[in-house]
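FYI, the numbering for the sequence shown is 4 to 217, going by the working numbering. Think of the CB as a built atom: it goes at the ideal place given N, C-alpha and C, for glycine as much as any other residue.
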Amino acid sequence: MDFQLKFDEKGLIPAIVQDYFSREVLTLAYMNEQSLRISMDEGYTCFYSRSRQQLWRKGETSGNRQKIIRITADCDFDALVVEVVKDGPACHTGKESCFFNPTHCAKEIPERFSLTSLYELIAGRKDSMPEGSYTTYLFESGREKILKKVGEECTEVIIAAMKRDKKETIYEVSDLAYHVLVLLCEMGITPKEVLDELQKRHIIDHKVKQESGK
């Protein structure tokens, strides 16, 4: 096959392996044309070991294989990013990633926000029940109150969207998301369980909701 890629004088190209879901960098390895071809043909990562001077399929002894989702070259075609779904730890030490030795950190590190981190904060409120917290108030009021708030926020989202008010819709959807997370926490359901359910629905556009009585 005619490769556009630029291999170095030893016939190698660096391959940055990245977790497809978490976006975490897992390892830096090297490929030659043969290992790249094997990787593309088999759908799992195969590298070239510079120390052993031979090909090696990731996981051939440990079982921690990496299923390839996408391979992308950089602007100069002399480096690759390989996005994978991993079956186990990427590092031979047993760590999830080979990059775990901190060498420098900024004095101020911005907080990484996600729905998961918000859920964990809500769960912490449920455990500690700090006085004066709105989240504490919801948990103390019980599921019926939480459900009422979810219903109210749904209505607010509809009103904002009907007005085509983008700013207000964002605000109301955020309120709804928060109250839904409180409901999930109250019921012992994690965001991952919801994401797992969504992941099962491969063809979302063709998903048909069954109606009772039909």
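- Taking a C-beta distance under 9 Å as the contact criterion, Y51 and S38 qualify as a contact pair.
- Its Cα nearest to that of M43, the residue I71 stands out among Y23, I71, Q21.
- Secondary structure note for T158: its alpha helix (DSSP H) is the uninterrupted segment 146–165.
- Taken atom to atom, the span from the alpha-carbon of C78 to that of V84 is near 12 Å.
- In the three-state scheme derived from DSSP, where H, G and I count as helix and E and B as strand, K61 is classed as coil.
- By the Cβ criterion, the segment 117–137 is in contact with the segment 183–192, since at least three pairs of Cβ atoms, one from each stretch, lie closer than 8 Å.
- Annotated as proximal: A18 and A82, with beta-carbon spacing under 9 Å.
- Beyond the five residues adjoining it in sequence on each side, V176 comes within less than 6 Å, by CB distance, of V160 in the same chain, given in chain order.
- The beta carbon of K89 lies closer than 6 Å to those of Q69 in the same chain, with the five residues before and after it left out.
- Q56 carries a coil assignment under DSSP once its states are collapsed to helix, strand and coil.
- Checking the DSSP bridge columns, you'll see C49 partnered with R60.
- At a Cβ-Cβ threshold of 9 Å, A93 and D22 count as neighbours.
- Annotation for L29: the continuous beta strand (DSSP E) segment containing it runs 28–34.
- Following the DSSP letters along the chain, one finds R128 inside the alpha helix (DSSP H) bounded by residues 118–131.
- Straight-line spacing of the CA atoms in L124 and T139 works out to 12 Å.
- Under the three-state reduction of DSSP, P194 is assigned to helix.
- The beta-bridge partner set that DSSP reports for T75 consists of V84.
- Cβ contact annotation for G91 (same chain, cutoff 6 Å, sequence separation greater than five): N67, in chain order.
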